[in-house]
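These notes concern the structure reproduced below.
Numbering (the working numbering), first residue to last: 465 to 839.
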């Protein structure tokens with residue numbers, strides 16, 4: 465056996481924090497499965513030992529670290545600790561926010577991406593009138609982040625319910641229903657991260673990030689995406705290992721945010737960037753607007769059978785006070801009119817797009833039609 469508690473200590477002493485976290489994760493999961501905490505697959509153990517021996521240097525190079533992680537991840541997956549796609553493993557119903565009938569829920573997800581295994585727990589809960597709040601938690605490090613802060617009291621109740629301690633706030637944009645709880649929640653040890661382009665408008669901001677920056681969170685890493693349009697500096701946090709994106713008000717289930725500050729060209733570019741994410745990516749947006757969005761989508765693309773089926777599902781869920789969020793990039797590509805302005809002749813015809821219009825013009829016409837829609 466390769467005892468992973470020993471490896472975790474070695475990795476940390478070599479300055480390889482992420483390797484140590486991975487080792488700790490494997491140790492914890494192995495213990496939960498009743499194993500000794502070692503890698504029992506002899507071939508994986510031999511390979512792991514060989515890599516460690518071949519790269520026995522004081523601080524491993526990037527190539528050495530990659531080889532170690534690849535072998536470790538392979539051995540983890542051999543024990544069945546990863547799956548080929550994200551899947552919820554538990555759903556719990558918690559306290560209801562006084563202003564909403566949607567129930568809180570928690571999903572613990574394990575996903576495989578390449579040779580990496582990543583675990584990220586997401587707690588989703590209603591806030592204010594129609595907002596959703598999110599807490600993300602890494603069990604290996606105990607780190608917990610709030611994705612925006614619509615209501616400090618509701619976030620505190622959710623933290624208490626799970627026994628988690630807040631360590632980060634990840635703001636997507638400056639609107640008050642996304643930053644209103646920042647200062648109330650900030651305390652020693654809490655780091656507030658927000659968009660560089662809006663740093664003067666983000667209360668208590670500690671770290672400003674922009675397109676392409678990376679935010680380390682536990683054993684995971686978020687890639688910052690510039691998705692300006694709703695506001696000029698709006699960003700999203702994309703976790704490729706966990707196949708999740710937290711996109712604030714940029715993209716909604718069957719819709720997108722109003723264009724308060726940006727331009728059609730900017731917003732369309734942002735939506736295409738989100739559309740280009742893998743189909744299996746889970747989309748966590750910030751509002752329960754899906755019924756209204758579905759009605760509009762049907763008004764501009766009634767011949768889309770995928771949309772008709774999804775709209776029925778949306779109505780059924782809301783009739784039972786169930787959330788329609790999160791969704792998947794794959795289903796948004798098939799049914800969201802704001803992601804289909806360049807592919808659906810039916811949408812283009814129904815909003816008056818002409819042959820001389822650019823894609824930016826077409827998006828602007830769809831957005832304008834939604835702004836005036838009263839269905």
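Positions of the beta carbon are idealized from the N, C-alpha and C atoms, including for glycine. Everything numeric in this text was worked out from a predicted model, so none of it was measured.
Looking only at its own chain, which residues have a Cβ that is under 7 Å from the Cβ of residue 618, when we skip the five neighbours before and after it?
Position 154 of the chain shown holds residue 618. Within the same chain, 561, 589, 591, 597 come within 7 Å of residue 618 by CB-CB distance, once the 5 residues on both sides are set aside.
Which of helix, strand or coil does DSSP assign to residue 794?
Counted from its first residue, the chain shown places residue 794 at position 330. In the structure shown, residue 794 sits in a helix (DSSP, three-state: H, G or I).
Ordered along the chain, which non-local residues of its own chain (more than five positions away) have a Cβ less than 7 Å from that of residue 671?
By 1-based counting over the chain shown, the position of residue 671 is 207. The residues are 655, 657.
Contact check, residue 750 vs residue 612, beta carbons under 8 Å
What you label residue 750 is simply residue 286 of the chain shown in a count that begins at 1. What you label residue 612 is simply residue 148 of the chain shown in a count that begins at 1. Yes; because the gap between Cβ atoms is below 8 Å, this pair is in contact.
If you reduce the DSSP assignment to three classes, tell me which class residue 836 lands in.
The residue you call residue 836 lines up with position 372 of the chain shown. Three-state result, residue 836: coil.
Alpha carbon to alpha carbon, what distance is there between residue 661 and residue 543?
Taking the chain shown and counting its residues from 1, one reaches residue 543 at position 79. Taking the chain shown and counting its residues from 1, one reaches residue 661 at position 197. For residue 543, the predicted model reports a pLDDT of 34, less than 50, meaning its position is unreliable and no value from the coordinates is stated.
Rounded to whole angstroms, what's the CA-CA distance from residue 718 to residue 754? Just pull it up for me.
For the purposes of this step, residue 718 is identified with residue 254 of the chain shown, where counting begins at 1. For the purposes of this step, residue 754 is identified with residue 290 of the chain shown, where counting begins at 1. Their backbone Cα atoms lie some 6 Å apart in a straight line.
Nearest by alpha-carbon distance to residue 693: which of 707, 735, 664, 684 is it?
In the chain shown, counting from the first residue as 1, residue 693 sits at position 229. Per the Cα distances, 735.
Does the stretch 701-714 come close enough to the stretch 673-692 to have 3 or more Cβ pairs within less than 8 Å?
Counting Cβ pairs under 8 Å, three or more are found: they touch.
Just tell me which of 615, 624, 797, 632 has its CA closest to the CA of residue 602.
Here residue 602 corresponds to residue number 138 of the chain shown, with the count starting at 1. Measuring C-alpha to C-alpha distances from residue 602 to each of 615, 624, 797, 632 identifies 632 as the nearest.
Since residue 664 and residue 696 should fall inside the 8 Å C-beta cutoff, what is the C-beta to C-beta distance between them, to a whole number of angstroms?
Translated into positions along the chain shown, residue 664 becomes position 200. Translated into positions along the chain shown, residue 696 becomes position 232. About 12 Å separates the CB atoms of residue 664 and residue 696; that is not less than 8 Å, and the two are not in contact.
Given this structure, state the Cα-to-Cα distance separating residue 679 from residue 635, to the nearest angstrom.
For the purposes of this step, residue 679 is taken as the residue at position 215 of the chain shown. For the purposes of this step, residue 635 is taken as the residue at position 171 of the chain shown. Distance from the CA atom of residue 679 to the CA atom of residue 635, rounded to whole angstroms, is 12 Å.
Taking the continuous alpha helix (DSSP H) assigned at residue 736, which residues delimit it?
Counted from its first residue, the chain shown places residue 736 at position 272. Its alpha helix (DSSP H) spans residues 728-739.
When DSSP labels each residue in this structure, what does residue 640 get in the three-state scheme?
In the chain shown, the residue the question calls residue 640 occupies position 176. Secondary structure of residue 640 (DSSP, three-state): helix.
Using the Cβ count rule (16 or more neighbours within 10 Å means buried), how would you classify residue 827?
Position 363 of the chain shown, counting from 1, holds the residue named residue 827. The residue is buried, with at least 16 neighbouring Cβ atoms inside 10 Å.
If we ignore side chains and look at the alpha-carbon of each, how far apart do residue 802 and residue 788 end up?
Within the chain shown, residue 802 is the residue found at index 338, counting from 1. Within the chain shown, residue 788 is the residue found at index 324, counting from 1. Spanning the two alpha carbons is a distance of roughly 18 Å.
Residues of its chain near residue 728, where Cβ-Cβ distance is below 6 Å and the 5 sequence neighbours each way are ignored:
Residue 728 sits at position 264 when you count from the first residue of the chain shown. Result list for residue 728: 824, 827, 828, in chain order.
Span separating the alpha-carbon of residue 710 from that of residue 639:
Mapped onto the chain shown, residue 710 falls at position 246. Mapped onto the chain shown, residue 639 falls at position 175. Residue 710 and residue 639 have their C-alpha atoms roughly 16 Å apart.
Assign residue 820 to one of three DSSP states: helix, strand, or coil.
Working through the chain shown from its first residue, we reach residue 820 at position 356. DSSP places residue 820 in coil when its eight states are reduced to three.
Give the range of the beta strand (DSSP E) segment to which residue 656 is assigned.
Locating residue 656 in the chain shown gives position 192, where the first residue counts as 1. Segment 655-659, the beta strand (DSSP E) holding residue 656.
Since residue 683 and residue 604 should fall inside the 8 Å C-beta cutoff, what is the C-beta to C-beta distance between them, to a whole number of angstroms?
For the purposes of this step, residue 683 is identified with residue 219 of the chain shown, where counting begins at 1. For the purposes of this step, residue 604 is identified with residue 140 of the chain shown, where counting begins at 1. Indeed, because the Cβ distance is near 6 Å, the residues count as touching under 8 Å.
First through last residue of the beta strand (DSSP E) which encompasses residue 672
As a first step, residue 672 must be located in the chain shown, where it is residue number 208. Per DSSP, residue 672 belongs to the beta strand (DSSP E) from 671-673.
Looking only at DSSP bridge pairs, what is residue 597 linked to?
In the chain shown, the residue the question calls residue 597 occupies position 133. Per DSSP, 589.
In three-state terms, what does DSSP make of residue 826?
Taking the first residue of the chain shown as position 1, residue 826 is located at position 362. DSSP, reduced to helix, strand and coil, places residue 826 within a helical segment of the structure shown.
If you follow the alpha helix (DSSP H) that residue 648 is in, where does it begin and where does it stop?
Here residue 648 is taken as the residue at index 184 of the chain shown, counted from 1. Counting along the chain, the unbroken alpha helix (DSSP H) around residue 648 starts and ends at 646-649.
In chain order, what are the residue ranges of uninterrupted alpha helix (DSSP H) at least 4 long that sit wholly in the stretch 756-800?
Runs found: 769-783, 793-799.
Keeping to the same chain, check which residues put their C-beta closer than 8 Å to that of residue 615; ignore five residues upstream and five downstream.
Start at 1 with the first residue of the chain shown, and residue 615 comes out as number 151. Non-local beta-carbon contacts of residue 615 in its own chain, meaning distances under 8 Å to residues more than five positions away in sequence, involve 561, 591, 592, 595, 597, 644, 645 in chain order.
Rounding to the nearest angstrom, what Cα-Cα distance links residue 806 and residue 708 in this structure?
Position 342 of the chain shown, counting from 1, holds the residue named residue 806. Position 244 of the chain shown, counting from 1, holds the residue named residue 708. Here the alpha carbons of residue 708 and residue 806 stand approximately 25 Å from one another.
So residue 792 and residue 745 are supposed to be a Cβ contact under 8 Å. How far apart are they, rounded?
Residue 792 sits at position 328 when you count from the first residue of the chain shown. Residue 745 sits at position 281 when you count from the first residue of the chain shown. With 8 Å as the limit, residue 792 and residue 745 qualify as a contact, their Cβ atoms being about 7 Å apart.
Quick check: what's the CA-CA separation for residue 739 versus residue 623?
Position 275 of the chain shown, counting from 1, holds the residue named residue 739. Position 159 of the chain shown, counting from 1, holds the residue named residue 623. Distance between the alpha carbons of residue 739 and residue 623: 32 Å.
Per-residue DSSP class, three states only, for residue 715:
On the chain shown, residue 715 is found 251 positions in, with the first residue counted as 1. DSSP places residue 715 in strand when its eight states are reduced to three.
Taking Cβ positions, are residue 723 and residue 620 nearer each other than 8 Å?
Taking the chain shown and counting its residues from 1, one reaches residue 723 at position 259. Taking the chain shown and counting its residues from 1, one reaches residue 620 at position 156. No, these two residues do not count as a Cβ contact at 8 Å.
List the whole-angstrom C-beta distance separating residue 747 from residue 777, where the pair is believed to meet the contact cut-off of C-beta under 8 Å.
For this step, residue 747 is matched to residue 283 along the chain shown. For this step, residue 777 is matched to residue 313 along the chain shown. Contact between residue 747 and residue 777 does not hold, since the beta-carbon distance rounds to 16 Å and is not under 8 Å.
Taking the C-alpha atoms as reference points, what is the distance between residue 759 and residue 674?
Counted from its first residue, the chain shown places residue 759 at position 295. Counted from its first residue, the chain shown places residue 674 at position 210. For residue 759 and residue 674, the distance between alpha carbons rounds to 34 Å.
On a Cα-Cα basis, can you pick out the residue from 798, 818, 782 that is closest to residue 768?
The count along the chain shown starts at 1 and reaches residue 768 at position 304. Relative to the Cα of residue 768, the nearest Cα in the group 798, 818, 782 belongs to 798.
Determine the direct distance from the alpha carbon of residue 813 to that of residue 845, and round the result to whole angstroms.
The structure shown does not extend to residue 845, since the chain is modelled only from 465 through 839, so no value can be given for it.
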